[in-house]
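According to the working numbering, the residues represented by the sequence shown are -12 to 144, in order. Before any comments, here is the structure.
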Amino acid sequence: MKITLLTVGKTDMPWVREGLELYRSRLVHYVPFSVSEIAELKGVGAMSPAQIKEKEGEKILSCIKPSDDVILLDEHGRKYRSLEFASFLEKKMAGGGRDIVFVIGGAYGFSPKVYERAGSMLSLSDMTFSHQIVRTIFAEQLYRAFTIMRGEPYHNE
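Listed below in structure tokens is the structure:
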């Protein structure tokens, strides 16, 4: 079983890349973890948000295997406290060895087809974060969940 963070577009913020790499390097001690970036669409100026979501959705779906457990990072998803997220993740990992793919969409969110494919949705906050910054925030929370599962002293509660 492995975990992938699938994102739309690359980040142009060096500190986001550095933060993401920091937590990626820590996570690989717990689970095979990778980040996969889908190229941003070109020539979107003449496209509506719905058209952009549809095209991005096609790219997202082409990166997902039928056996993958897909979890969207979405503002309408379920919110967890860190301990609850660790428990959720532990149950997912114990439930059959399916690879887990967490997906961060583009600026407009996901297409209906991507929502249909998802097994669940996760919200990191009531606040909205840019689709670039959320990469590092999520990677830190994923790392925190693994330290909680292992009883390591990273999380204080």
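Glycine included, each C-beta is placed from N, C-alpha and C at the ideal position. Keep in mind it's a predicted model, so treat the numbers as computed, not measured.
Roughly how many angstroms separate the alpha carbons of M136 and S74, rounded to a whole number?
Using only the alpha carbons, I get a separation of about 8 Å.
Name the two residues that bound the continuous alpha helix (DSSP H) containing S23.
Premise fails: S23 lies in the beta strand (DSSP E), F20 to I25, not in any alpha helix (DSSP H).
I'd like to know if the segment 100 to 119 and the segment 62 to 70 are in contact, where contact means that at least 3 CB-CB pairs between them fall below 8 Å.
Enough Cβ pairs lie closer than 8 Å, so yes.
For the segment 24 to 43 against the segment 92 to 106, do three or more pairs of beta-carbon atoms, one drawn from each stretch, fall closer than 8 Å, so that the two count as touching?
Because the criterion of three Cβ pairs below 8 Å is met, the segment 24 to 43 and the segment 92 to 106 touch.
Pairs of beta-carbons, one from the segment 47 to 59 and one from the segment 71 to 87, closer than 8 Å: are there three or more?
Output reads yes: the segment 71 to 87 touches the segment 47 to 59.
By Cβ distance, which residues of its chain are closer than 7 Å to A94, with the 5 residues on each side in sequence left out?
Excluding residues within five positions, the ones whose Cβ falls inside 7 Å are H118.
Can T(-6) and I25 be called in contact, C-beta distance under 8 Å?
Going by C-beta atoms, T(-6) is nearer than 8 Å to I25.
Quick check on K79: does DSSP put it in helix, strand or coil?
Correct three-state label for K79: helix.
Assuming T(-9) is part of the beta strand (DSSP E), what are its boundary residues?
It spans I(-10) to V(-5) - the beta strand (DSSP E) in which T(-9) sits, taken as one unbroken run.
Of the choices S23, G32 and K66, whose alpha-carbon is the least far from that of C50?
Of the listed residues, the one whose Cα sits closest to C50 is S23.
Give me the residue from Y67, E127, I(-10) and L129 with the minimum Cα distance to P19.
Of the candidates Y67, E127, I(-10) and L129, the one whose C-alpha sits nearest the C-alpha of P19 is I(-10).
From the DSSP output, read off the bridge partner residues of D56.
In DSSP, D56 forms a bridge with I87.
Tell me, which residues are paired with R65 by DSSP?
L109, per the DSSP bridge assignment.
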